[in-house]
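Beneath this line is the structure, given in structure tokens, with notes to follow.
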Amino acid sequence: MKKITYTTILFLSGLMLLLSGCRDEMAKLNSNPSQVTEANISYLFAQSVINFEPAGYLLWYYNAPMTTRWGQMAVPTGGFTSTYTQTTATGDQGSQYINVLKYARDIAQLRSTMSAEDAAKYANIAACVDVLTVYLGIFDSDMYGDRPFTEAAMARYGGTLTPKYDRIEALYDIWLQTLDDATTTLTTSTDQTFPPNQDVVYRGDAAKWARLANSLKLKIAVRLLSQDKAQALSIASE
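Numbering (this note's numbering), first residue to last: 38 to 275.
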């Protein structure tokens with residue numbers, strides 16, 4: 038009887054080991070080797086550049102019919118109708134910045150999980166994506182004003198699905214600070230992971246990205262001329 042019990046225990050132990058090994062093999066067999074499980078920051082940057090598009094399907098085709106009417110720059114040949122204020126195809130203006138902001142959030146999240154030394158190597162990439170986000174933020178707000186920004190594209194990281202709308206005055210201040218920070222980073226950071234082949238715009242030339250950031254400050258200054266001329270001139274003088 039003891040012999041039978043001993044044999045049974047050995048058999049069951051061997052079977053458990055076999056099943057465990059099978060499960061491990063099955064897990065490997067059922068894993069898609071081409072599926073990305075951990076994002077590469079350099080690739081996220083490249084995708085954000087690809088997604089950068091100030092106006093879907095050309096500005097003239099979508100927004101022009103509305104802006105010319107709303108700005109009273111043109112009148113339809115048949116005169117105005119009841120649909121005068123109707124918004125039709127927008128050319129995606131109003132939400133384009135989200136297409137880049139979501140990658141800025143992803144990059145920030147990945148860097149937060151790294152050591153300070155490793156995270157610092159991607160400072161230039163993060164700064165460049167911030168610059169692109171500000172560019173599109175200006176473009177979108179030109180048409181629609183206040184935009185969700187500070188809480189936007191954060192749902193996957195514990196944020197809200199209903200981000201608040203930030204006032205355009207506050208956004209200009211946020212964007213100016215973002216551009217200042219980006220310029221400082223791009224002109225002072227060393228030992229950076231910034232593959233030129235992932236940057237189809239400036240081929241990893243941080244100085245050119247810094248100049249772009251500085252030029253965007255002038256775009257904001259122009260928009261502030263009629264609201265706060267002193268601030269606009271101060272920005273321009275920088």
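All residues carry an ideal CB built from backbone N, CA and C; glycine is no exception.
When the five nearest sequence neighbours on each side are left out, the beta carbons in the same chain lying within less than 8 Å of the beta carbon of residue 139 are those of 190, in order along the chain. In this structure, DSSP gives residue 91 a state outside helix and strand, which the three-state scheme calls coil.
Counting of Cβ neighbours within 10 angstroms places residue 160 among the buried residues, the total reaching 16 or more. One thing to note: residue 82 has its Cβ no nearer than 8 Å to the Cβ of residue 171.
Counting the other CB atoms within 10 Å of its CB gives residue 258 a total of 16 or more, which places it among the buried residues. It is roughly 45 Å from the alpha-carbon of residue 254 to the alpha-carbon of residue 69.
In this structure residue 238 is in contact with residue 86, their Cβ atoms being roughly 6 Å apart against a cut-off of 8 Å. For residue 106, the enclosing alpha helix (DSSP H) has its first and last residue at 101 to 107. Rounded to whole angstroms, the separation of the alpha carbons of residue 156 and residue 173 is 25 Å. CA-CA distance, residue 264 to residue 209, rounds to 12 Å. In this structure residue 204 is exposed. Its beta-carbon is surrounded by fewer than 16 other beta-carbon atoms within 10 angstroms. Under the criterion of beta carbons closer than 8 Å, residue 181 and residue 131 qualify as touching, at roughly 5 Å. As computed with DSSP, residue 184 is found in a beta bridge with 203.
Ranked by Cα distance from residue 106, the first of 123, 80, 274 is 123.
Under the three-state reduction of DSSP output, residue 71 falls in the coil class, being neither helix nor strand. Check the Cα spacing between residue 194 and each of 118, 143, 114: the tightest is with 143.
Residue burial is scored here from C-beta neighbours: residue 133 has at least 16 other C-beta atoms within 10 angstroms and is therefore classed as buried. Of the residues 207, 214, 202, 231, the one whose Cα lies closest to the Cα of residue 163 is 231. One Cα belongs to residue 246, the other to residue 274, and the distance between them is close to 20 Å. Here residue 226 has 160, 161 as same chain residues with Cβ atoms under 7 Å from its own Cβ, once five neighbours each way along the sequence are excluded.
Between residue 229 and residue 79, the C-beta spacing is not below 8 Å.
A residue is called buried when at least 16 other Cβ atoms come within 10 angstroms of its Cβ; residue 178 meets this threshold and is buried.
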